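Read top to bottom, the protein sequences are chains S and C. Using the numbering used here, you'd call the opening residue of the first sequence number 3 and step up by one each time. Using the numbering used here, you'd call the opening residue of the second sequence number 3 and step up by one each time. Taking it in order: structure first as structure tokens, then the write-up.
Number of protein chains: 2
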Amino acid sequence: MRAVDIIIKKRDGKELTREEIEFFINGFAKDEIPDYQASAWAMVVLLNGMSTRETTDLTLAIANSGETMDLSQVVPVAVDKHSTGGVGDKTTLVVEPAVAACGLAVGKISGRGLGFTGGTLDKLESIPGFRVDLSTEEFMNQLASVGLVLAGQTQDLAPADGKLYALRDVTGTVDSIPLIASSIMSKKIASGADAIVLDVKVGLGAFMQELAEARRLAQLMVSIAKQAGRKATALLSDMNQPLGMAVGNALEVVEAIRTLHGEGPADFREHCLVVAAHMLALGSVARDEEEERERAEEAIATGKAWEKFEALVMAQGGDVNFVRELERLPKASKVVTVDAPQSGYLKGIHARIVGETAVLLGAGREKKGQPIDHAVGIEILHNVGDRVAQGQPLFVIHANSEDKLEEARRQLLDAHTWSEERVEPLPLFYEVIRSEEA
Amino acid sequence: MRAVDIIIKKRDGKELTREEIEFFINGFAKDEIPDYQASAWAMVVLLNGMSTRETTDLTLAIANSGETMDLSQVVPVAVDKHSTGGVGDKTTLVVEPAVAACGLAVGKISGRGLGFTGGTLDKLESIPGFRVDLSTEEFMNQLASVGLVLAGQTQDLAPADGKLYALRDVTGTVDSIPLIASSIMSKKIASGADAIVLDVKVGLGAFMQELAEARRLAQLMVSIAKQAGRKATALLSDMNQPLGMAVGNALEVVEAIRTLHGEGPADFREHCLVVAAHMLALGSVARDEEEERERAEEAIATGKAWEKFEALVMAQGGDVNFVRELERLPKASKVVTVDAPQSGYLKGIHARIVGETAVLLGAGREKKGQPIDHAVGIEILHNVGDRVAQGQPLFVIHANSEDKLEEARRQLLDAHTWSEERVEPLPLFYEVIRSEEA
Chain S
3 MRAVDIIIKK RDGKELTREE IEFFINGFAK DEIPDYQASA WAMVVLLNGM
53 STRETTDLTL AIANSGETMD LSQVVPVAVD KHSTGGVGDK TTLVVEPAVA
103 ACGLAVGKIS GRGLGFTGGT LDKLESIPGF RVDLSTEEFM NQLASVGLVL
153 AGQTQDLAPA DGKLYALRDV TGTVDSIPLI ASSIMSKKIA SGADAIVLDV
203 KVGLGAFMQE LAEARRLAQL MVSIAKQAGR KATALLSDMN QPLGMAVGNA
253 LEVVEAIRTL HGEGPADFRE HCLVVAAHML ALGSVARDEE EERERAEEAI
303 ATGKAWEKFE ALVMAQGGDV NFVRELERLP KASKVVTVDA PQSGYLKGIH
353 ARIVGETAVL LGAGREKKGQ PIDHAVGIEI LHNVGDRVAQ GQPLFVIHAN
403 SEDKLEEARR QLLDAHTWSE ERVEPLPLFY EVIRSEEA
Chain C
3 MRAVDIIIKK RDGKELTREE IEFFINGFAK DEIPDYQASA WAMVVLLNGM
53 STRETTDLTL AIANSGETMD LSQVVPVAVD KHSTGGVGDK TTLVVEPAVA
103 ACGLAVGKIS GRGLGFTGGT LDKLESIPGF RVDLSTEEFM NQLASVGLVL
153 AGQTQDLAPA DGKLYALRDV TGTVDSIPLI ASSIMSKKIA SGADAIVLDV
203 KVGLGAFMQE LAEARRLAQL MVSIAKQAGR KATALLSDMN QPLGMAVGNA
253 LEVVEAIRTL HGEGPADFRE HCLVVAAHML ALGSVARDEE EERERAEEAI
303 ATGKAWEKFE ALVMAQGGDV NFVRELERLP KASKVVTVDA PQSGYLKGIH
353 ARIVGETAVL LGAGREKKGQ PIDHAVGIEI LHNVGDRVAQ GQPLFVIHAN
403 SEDKLEEARR QLLDAHTWSE ERVEPLPLFY EVIRSEEA
């Protein structure tokens with residue numbers, strides 16, 4: 003078998019066999035197939051597509067390119083969730099403790115923010131001492147003892163994915179549904195999740211702007227899970243406006259903790275309860291989402307979800323005093339409230355512009371490895387459809403630089419668009435795609 | 003400007019500007035743009051195509067990636083020809099001396115054989131002492147003094163082409179009409195030709211098997227020449243059966259020399275006269291191909307074309323005694339005539355199989371840099387359409403190994419197909435594409 007023949011076969015519109023896909027991915031992971039062949043192959047996949055069968059084989063080949071975690075050694079069922087990335091999406095910080103508090107083990111590999119989207123690891127690192135780099139052994143031990151882990155990807159988990167992603171990033175081959183699906187699912191499969199809720203974001207602040215495209219990705223990921231012997235449910239959720247109010251690392255931790263205390267913005271709380279219900283339903287035998295939603299609400303109401311979060315922080319070395327006394331978390335030097343320049347109904351709060359403004363303030367990074375400022379960010383005070391009067395507070399900027407504060411103010415005013423007519427609120431979710439439907 | 007954005011622009015079906023193409027090719031030539039970006043870009047070009055304007059800009063960017071020769075310093079008009087590669091195609095060895103003998107300077111950069119097609123440099127090296135690696139200075143001096151040069155590509159001529167071709171070869175990006183056209187034309191333009199005849203081969207023994215595809219390539223190359231201020235004519239010529247009789251290096255030199263002496267196979271002689279007439283017409287003011295054909299015939303009949311060939315051999319260090327006494331050229335140890343196994347009309351003589359058999363015997367190479375055997379090869383004694391009686395000689399094998407001789411015999415018998423019905427001979431040429439038509 004030769005790499006060039008595999009590229010040519012796909013180039014000529016033919017379907018690759020499992021053996022060919024494994025040969026290519028293993029060769030690439032071992033540096034036997036050079037980057038220049040892998041990038042040509044990725045471009046061919048992007049332009050000519052892949053069948054569900056090919057994408058499943060690709061996912062498994064990537065998952066098997068390094069160590070895989072067998073969580074059944076320590077827990078009977080492990081559930082996980084994955085968000086395709088959005089603005090203000092701190093769902094993991096609420097949902098995973100709530101689900102773990104209901105007795106389902108949650109072992110999650112999270113990522114860092116890139117571009118206009120935030121990352122769970124960056125948010126958690128707002129808490130002094132919090133360690134995200136766990137060894138596989140630490141991960142397994144904590145999953146057994148605490149029932150909850152939120153850690154970064156270890157070097158050995160699906161190494162072909164990291165290598166391929168870095169290459170795709172610089173060769174114009176990111177925007178391929180089969181490559182995105184296999185990248186996400188390979189890590190979920192390698193990290194041992196039995197049941198996975200996929201939160202596929204759609205809208206201005208998501209990678210997928212079109213519902214049809216997001217649906218294709220969601221269906222493909224659910225199919226891959228099924229063929230790999232895992233349970234999966236995909237939710238298509240709105241990302242035209244930011245989720246919740248807070249955008250920025252410490253600000254999002256504060257909002258998540260408030261939500262764990264039964265407070266927090268209603269839309270974000272609702273989003274978390276739906277995701278948690280789906281995770282619990284997938285991980286249980288009964289699978290009744292209504293009942294599971296009540297269990298999640300109860301976990302929050304009784305304080306058990308919060309206790310699980312505290313246990314997580316302690317287990318991973320975070321100083322629990324910072325999450326108990328929120329005013330101790332990192333704070334920006336300039337906190338400025340900007341009022342509505344006019345009266346009217348909010349027609350749009352452009353999530354991508356809000357995300358990019360957070361990056362401008364220092365909350366995110368343009369390139370991997372750049373340092374970030376945990377204190378800075380934005381609070382968006384309204385939702386699309388709200389009626390706001392001129393002079394009412396519209397948003398709050400948390401900045402550590404006067405220049406950036408000014409630019410952020412301008413950008414955020416542009417991000418808000420107005421209507422004199424009544425505007426329908428945006429839905430939280432568009433669709434649910436279950437395993438049996440994919 | 004960033005390489006990845008140029009890849010994405012082309013990926014999304016947009017047209018690249020001249021500046022973007024120059025940025026990409028210059029960056030690649032200088033190793034500032036890595037191979038993995040260039041291969042993804044080449045695949046995008048292959049799959050999404052390029053306009054004639056983009057391809058012209060690409061050609062000029064490649065031509066300008068190294069030194070360019072200004073032949074006007076030494077000759078008023080320099081003409082050149084290029085064949086896209088075939089089996090038994092020793093046309094250059096006859097045409098270029100004939101044209102030079104008519105007073106038009108011919109400075110040609112030739113290539114080596116690869117796969118089933120032969121290369122002029124390999125053929126010339128059958129002549130002991132013949133040097134193909136000339137410096138630019140030697141090339142220019144010889145063009146001025148002899149009016150004829152046949153040399154290999156110097157390192158500095160269109161270096162981006164050599165680098166890109168090596169990458170395309172291993173990334174499934176060879177079969178792209180814009181990339182093929184720009185590769186050919188960049189070298190012709192960099193080497194200073196004012197007028198170029200493009201001999202585009204079509205058929206089983208050519209890279210292009212379909213007339214429509216060959217026509218596209220031919221039209222594109224003629225357009226590029228026009229936009230780059232050069233004259234060009236493209237001939238679409240048949241390559242379903244080998245051209246002439248001889249296939250193999252020294253054997254082809256012998257056939258070419260016989261043709262220069264007014265002998266040689268009729269089809270090959272005719273092919274050479276047509277190509278020469280087009281070269282002379284392009285390089286002259288009158289542009290009457292009939293008249294020019296007569297000049298070429300006369301150059302052969304008077305021995306002037308042969309004298310020019312002798313002068314070429316001497317100028318490039320070859321031992322002229324070997325071309326004067328043809329029996330001194332390299333000879334194979336086993337020369338076996340194979341007779342027709344049946345009577346009938348020849349329906350096909352599969353040029354590609356004949357070419358591959360020559361490689362099997364050692365006349366060509368599978369990979370760049372492999373050594374070759376100048377003595378071995380094949381003489382095909384008939385043409386498609388000929389009536390051959392059982393027991394009549396069909397072909398001659400020149401081999402240096404008994405095993406290979408046997409395999410060659412089997413393959414060549416397979417290459418000949420038969421019909422009981424009369425078969426039309428194949429045309430030599432299908433079409434002529436002139437600058438004003440492209």
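Ideal Cβ positions, reconstructed from N, Cα and C, are used throughout, including at glycine. Predicted model, so just to flag it, every value in this text is computed and none were measured.
Considering only S:Glu17, S:Ala258 and S:Ala252, the residue with the shortest C-alpha distance to Gly246 of chain S is S:Ala258. Taking C-beta atoms under 8 Å as the contact rule, Val101 of chain S and Val81 of chain S qualify, at a distance of about 6 Å.
DSSP places Leu396 of chain C in the uninterrupted beta strand (DSSP E) bounded by Pro395 to Ala401. Note that the C-beta distance between Thr359 of chain S and Ala410 of chain S is below 7 Å. Against chain C, the beta carbon of Tyr38 of chain S has neighbours under 9 Å at Pro36, Asp37, Tyr38, Gln39, Ala40, Ser41, Ala42, Leu169, Val172 and Thr173, listed in chain order. Residues of the segment 210-222 of chain C with a C-beta atom less than 9 Å from some C-beta of chain S do not occur.
Beyond the five residues adjoining it in sequence on each side, Trp420 of chain S comes within less than 8 Å, by CB distance, of Gln344, Gly346, Tyr347, Leu348 and Lys349 in the same chain, given in chain order. Every alpha helix (DSSP H) stretch that sits fully inside the segment 11-85 of chain C and reaches 4 residues is listed by chain position as 20-31, 37-50 and 54-65.
At a C-beta separation below 9 Å, Leu18 of chain C has no neighbours in chain S, since its nearest C-beta there lies roughly 13 Å away. Residue nearest to Ala236 of chain C within the set C:Phe431, C:Arg4 and C:Val255 is C:Phe431 (criterion: CA-CA distance). For Lys203 of chain C, there is no enclosing alpha helix (DSSP H); the enclosing beta strand (DSSP E) has its first and last residue at Ala197 to Val204. Of all residues in the segment 40-68 of chain C, those with a C-beta nearer than 9 Å to a C-beta of chain S are Ala40, Ser41, Ala42, Trp43, Ala44, Met45, Val46, Leu48, Leu49 and Asn50, reading in chain order.
Residue nearest to Val202 of chain S within the set S:Gly88, S:Lys233 and S:Thr138 is S:Gly88 (criterion: CA-CA distance).
Under the three-pair Cβ rule at 8 Å, the segment 204-213 of chain S does not count as touching the segment 184-195 of chain S.
In the displayed model, Phe431 of chain C falls within a strand according to three-state DSSP. Interface flag for Val101 of chain C against chain S is unset, since no Cβ pair is found closer than 7 Å. Ile9 of chain S reaches chain C at Thr173 and Gly174, counting residues in chain order whose Cβ is nearer than 7 Å.
Any Cβ of chain C closer than 7 Å to the Cβ of Val6 of chain S would place that residue at the interface, and such an atom is present. As DSSP reads the structure, Glu381 of chain S sits in a beta bridge with S:Ala248 and S:Val398.
By the rule that beta-carbons nearer than 7 Å mark a contact, Arg13 of chain S touches chain C. Only buried fits Leu219 of chain C, as 16 or more other CB atoms lie within 10 angstroms of its CB.
Our two residues, Gly305 of chain S and Arg20 of chain S, have alpha carbons roughly 48 Å apart in a direct line.
Taking C-beta separations shorter than 6 Å and ignoring five residues to either side along the sequence, the partners of Asp59 of chain C in its chain run Arg20 and Ile23, following chain order.
CA-CA distance, Val134 of chain C to Ile182 of chain C, rounds to 24 Å.
The DSSP-derived three-state label of Val96 of chain S is helix.
Here DSSP, grouped into helix, strand and coil, assigns Gly346 of chain C to strand. Just measuring C-alpha positions, the residue of C:Thr94, C:Cys104, C:Ala227 and C:Glu34 sitting nearest Leu123 of chain C is C:Thr94. Remark: C-beta atoms of Ala307 of chain S and Ala103 of chain S approach each other more closely than 7 Å. About 11 Å separates the beta carbon of Leu362 of chain C from that of Gly379 of chain C, a gap too long to meet the 8 Å contact definition. Going by DSSP, Val356 of chain C is part of the alpha helix (DSSP H) stretching over Ala353 to Leu363. Bounds of any beta strand (DSSP E) do not take in Ala303 of chain C; it lies within the alpha helix (DSSP H) bounded by Glu291 to Ala303. The continuous beta strand (DSSP E) containing Leu152 of chain C extends over residues Leu150 to Gly154. Under DSSP, Gly109 of chain S forms a beta bridge with S:Val151. Taking 7 Å as the cut-off, the Cβ atoms of Arg13 of chain S and Val46 of chain S count as close.
DSSP places His273 of chain S inside the alpha helix (DSSP H), whose first and last residues are Ala268 to Gly285.
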